[in-house]
Amino acid sequence: MAEEMTLQELQEILSICLDEVCKLKEENIELKEKVNVISHSFSELIDYCERLSNDFENTKQNIATSLRIQDYGLDNIFYEINDPRRNKSSLYYPRFYDIEDSIDKIINERCSMARFGDGEFSIMAGHDRQKFQKYNDVLSKRLQDVINVREERFLIAIADNYGELTKYSRAGKSGIRAYMTDEVRKEHAQFIDINRMYHNAYISRPCVLFADCETKEPLKRFNNLKNIWKNRNVIIIEGAETRLGVGNDLLNESRTIRRIECPPENAFNKYKEILQAALEYGISDCLYLIALGPMAGVLAYDLFQNGYQALDIGHIDLEYEWYLHGNGKRCAIKGKYNNEVIGGEQVEIIEDDSYKEEIVTIIN
180 MAEEMTLQEL QEILSICLDE VCKLKEENIE LKEKVNVISH SFSELIDYCE RLSNDFENTK
240 QNIATSLRIQ DYGLDNIFYE INDPRRNKSS LYYPRFYDIE DSIDKIINER CSMARFGDGE
300 FSIMAGHDRQ KFQKYNDVLS KRLQDVINVR EERFLIAIAD NYGELTKYSR AGKSGIRAYM
360 TDEVRKEHAQ FIDINRMYHN AYISRPCVLF ADCETKEPLK RFNNLKNIWK NRNVIIIEGA
420 ETRLGVGNDL LNESRTIRRI ECPPENAFNK YKEILQAALE YGISDCLYLI ALGPMAGVLA
480 YDLFQNGYQA LDIGHIDLEY EWYLHGNGKR CAIKGKYNNE VIGGEQVEII EDDSYKEEIV
540 TIIN
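Under the working numbering, the first residue of the sequence shown carries the number 180, and numbering increases by one thereafter.
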């Protein structure tokens with residue numbers, strides 16, 4: 180039988196137990212305090228998240244309201260600028276042919292065309308805008324000469340940015356408004372004849388700028404454009420990484436395709452060589468499609484002067500790719516130089532034997 184504990188031993192055991200209980204009680208109090216702190220912090224975090232969510236919702240609603248005000252408020256601008264008390268001498272509104280009429284003219288009358296957009300106007304005004312073609316005195320003078328050409332079968336196209344913008348998407352409107360500052364309008368005014376009818380430079384950009392960019396309407400415009408080179412012997416003059424029509428069916432209805440590959444940047448530095456090659460490979464009844472930045476319109480005019488039909492058709496291929504793969508929005512296109520998206524200058528090498536066989540000469 181176990182020995183009975185003495186009273187002293189029992190007291191010692193109880194004392195140890197009491198000490199442990201007290202210690203546990205203190206630890207429990209500390210733990211409870213920590214739990215309370217964490218609980219309080221978590222509660223504050225929840226409150227903060229709720230406030231953040233409310234702030235985000237309010238901000239979203241404010242942005243939406245601002246956009247509605249911007250869209251609807253613009254209706255009143257027409258009344259403001261037409262007030263007879265306003266000095267309207269500084270306002271000018273070029274007149275434009277309908278794009279479909281321009282396409283018909285190009286097809287039926289075998290017209291050539293030069294397009295003038297932000298890059299061309301910037302160079303004419305004496306400064307850079309697009310990094311793929313630096314300012315050049317000779318190019319500036321040539322562009323100024325070409326925009327003043329008045330020949331029945333040579334079309335001068337400028338971007339329809341000067342008046343109402345209802346046909347464009349919200350992003351398109353915002354981009355145009357941001358660009359068309361008073362300073363830019365004054366620059367353009369030096370070169371524009373308000374008594375002249377212009378063709379629309381957006382003829383080769385029938386998708387992403389327009390309000391119907393996510394519908395089937397751009398496809399109708401692309402199909403109409405395809406009639407220009409249907410059953411034609413096409414010579415493409417392009418930057419080496421443009422690859423117009425490669426990987427899509429844009430040019431499938433042309434009879435033949437040959438390519439003159441040029442430097443992807445600052446191609447005007449090689450202008451004489453490019454023009455010489457273009458004339459060397461030209462054949463009767465061929466159609467030149469030029470995608471070569473601000474110099475394209477100058478080259479189109481020189482080829483026109485030599486008896487050929489030549490079109491500055493820049494951006495058409497990227498627009499088609501964006502329609503096919505970007506749901507009407509700008510996006511990166513593998514294997515093609517793309518100056519309108521971040522990183523688009525980094526172009527992958529592609530393996531396409533048919534494309535390589537179309538290249539008749541490379542000008543570096």
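Virtual Cβ for every residue (Gly too), placed ideally from N, Cα, C.
Problem set entry | Where Lys535 sits in the DSSP three-state scheme | helix
Problem set entry | Cβ-Cβ separation, Pro273 to Tyr341 (assumed contact under 8 Å), whole Å | 6 Å
Problem set entry | Cα-Cα separation between Cys196 and Glu205, rounded to whole angstroms | 14 Å
Problem set entry | Which listed residue (Ala390, Asp491 and Ile528) has its alpha carbon closest to that of Lys346 | Ala390
Exercise. Is Ile416 near Ala380, with beta carbons less than 8 Å apart?
Worked result: no
Exercise. With 16 other CB atoms within 10 Å as the buried threshold, where does Ala357 fall?
Worked result: exposed
Problem set entry | N-terminal and C-terminal residue of the beta strand (DSSP E) that Glu544 is part of | Any answer about residue 544 is impossible in this case: the structure gives the chain only from 180 up to 543.
Problem set entry | Counted within 10 angstroms of its Cβ, other Cβ atoms place Met292 as buried (16 or more) or exposed | buried
Exercise. Alpha carbon to alpha carbon, how far is Asp316 from Lys395?
Worked result: 43 Å
Exercise. Using CA coordinates, which residue listed in Pro397, Asn406, Ala456 and Tyr377 is at the minimum distance from Asp277?
Worked result: Tyr377
For this session: Report the partner residues of Gln488 according to the DSSP bridge assignment.
Result: Leu466
Exercise. Taking the C-alpha atoms as reference points, what is the distance between Met359 and Asn445?
Worked result: 25 Å
Exercise. DSSP state of Arg437, grouped into three classes?
Worked result: strand
For this session: Decide if Lys451 is buried, meaning its Cβ has at least 16 other Cβ atoms within 10 Å, or exposed.
Result: exposed
Exercise. Counting Cβ pairs closer than 8 Å, one from the region 453 to 472 and one from the region 403 to 420, do we hit at least three?
Worked result: yes
For this session: Give the DSSP-derived three-state secondary structure of Phe370 in the structure shown.
Result: coil
Exercise. Hey, is the region 358 to 375 in contact with the region 395 to 405, meaning 3+ C-beta pairs nearer than 8 Å?
Worked result: no
Exercise. Do you know how far the Cα of Asp491 is from the Cα of Asn448?
Worked result: 18 Å
Exercise. Helix or strand or just coil, what does DSSP make of Met474?
Worked result: helix
Problem set entry | Of the residues Tyr487, Ala419, Ile436 and Asn485, the one placed nearest Asn544, counting alpha carbons only | Nothing about residue 544 can be reported from this structure: the residues present for the chain run from 180 to 543 only.
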